[in-house]
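In the working numbering, the protein residues as written are 1 to 153. First the structure, in the form of structure tokens, and then the observations on it.
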């Protein structure tokens, strides 16, 4: 967690959030930092320009992160890829609605904060752990089969 001194934090990184894949955990920490930055800006009463920049950065970063996750799931043959991808799309759509509200001069909603907090606690801490375990198990199986095949080559 990279929260600056005095910055308001919605959710602190906990080892319980770890999915056991270092790169994914690093991306989740960055996502948590972005969400906490948005929360801090809302609490401080930041203007729409700053909020919009933060929402745009969150949208940009999640696009990159979701793509990485979905590629890993696809390669591993994750059976719940469609459901997981739909959850990602729901997140992107929700952030898009918030961006539109800010563009129209509205204020950031506290409902967004609740949504983001729930996302962190449910999606990352539960759903992402499930897919990560599958991906790691698949990698172990593939590694085993690759070693086995090399023995017979």
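Glycine included, each C-beta is placed from N, C-alpha and C at the ideal position.
Legend entry - Cβ-Cβ distance between residue 55 and residue 32 below 8 Å: Taking the chain shown and counting its residues from 1, the one referred to as residue 55 is at position 55. Taking the chain shown and counting its residues from 1, the one referred to as residue 32 is at position 32. Result no, Cβ atoms of residue 55 and residue 32 do not sit closer than 8 Å.
Inset, instruction - Examine the Cβ distances between the segment 35-51 and the segment 95-114 and report whether three or more of them are shorter than 8 Å. - result: yes
Legend entry - Residue from 45, 65, 43 whose Cα sits closest to the Cα of residue 26: Position 26 of the chain shown, counted from the start, is the residue given in the question as residue 26. Closest by alpha carbon: 65.
Legend entry - residue 28 burial status per 10 Å Cβ neighbour count (16 or more: buried): Here residue 28 corresponds to residue number 28 of the chain shown, with the count starting at 1. Looking at its Cβ environment, which holds 16 or more other Cβ atoms inside 10 Å, residue 28 is buried.
Inset, instruction - Rounded to whole angstroms, what's the CA-CA distance from residue 75 to residue 103? Just pull it up for me. - result: What you label residue 75 is simply residue 75 of the chain shown in a count that begins at 1. What you label residue 103 is simply residue 103 of the chain shown in a count that begins at 1. Cα to Cα, the separation comes out at about 38 Å.
Legend entry - Outcome for residue 8 when other beta-carbon atoms lying within 10 angstroms are tallied against a minimum of 16: The sequence position of residue 8 within the chain shown is 8, counting from 1. Exposed, because fewer than 16 other Cβ atoms sit within 10 Å of the Cβ of residue 8.
Inset, instruction - Classify residue 126 as helix, strand or coil using the three-state DSSP reduction. - result: If you number the chain shown from 1, residue 126 lands on position 126. Note: residue 126 maps to helix in three-state DSSP.
Legend entry - Cβ neighbours of residue 149 in the same chain (closer than 8 Å, five flanking residues each side left out): For this step, residue 149 is matched to residue 149 along the chain shown. Confidence is the limiting factor: at residue 149 the pLDDT is only 49, short of 50, which leaves the residue's position unreliable and the question unanswerable from this model.
Legend entry - The alpha helix (DSSP H) enclosing residue 117, as first and last residue numbers: Residue numbering aside, residue 117 sits at position 117 when the chain shown is read from its first letter. 110-118 is the span of the alpha helix (DSSP H), which, as asked, contains residue 117.
Legend entry - Environment of residue 69 [buried if 16+ CB atoms lie within 10 Å]: If you number the chain shown from 1, residue 69 lands on position 69. Burial call: buried.
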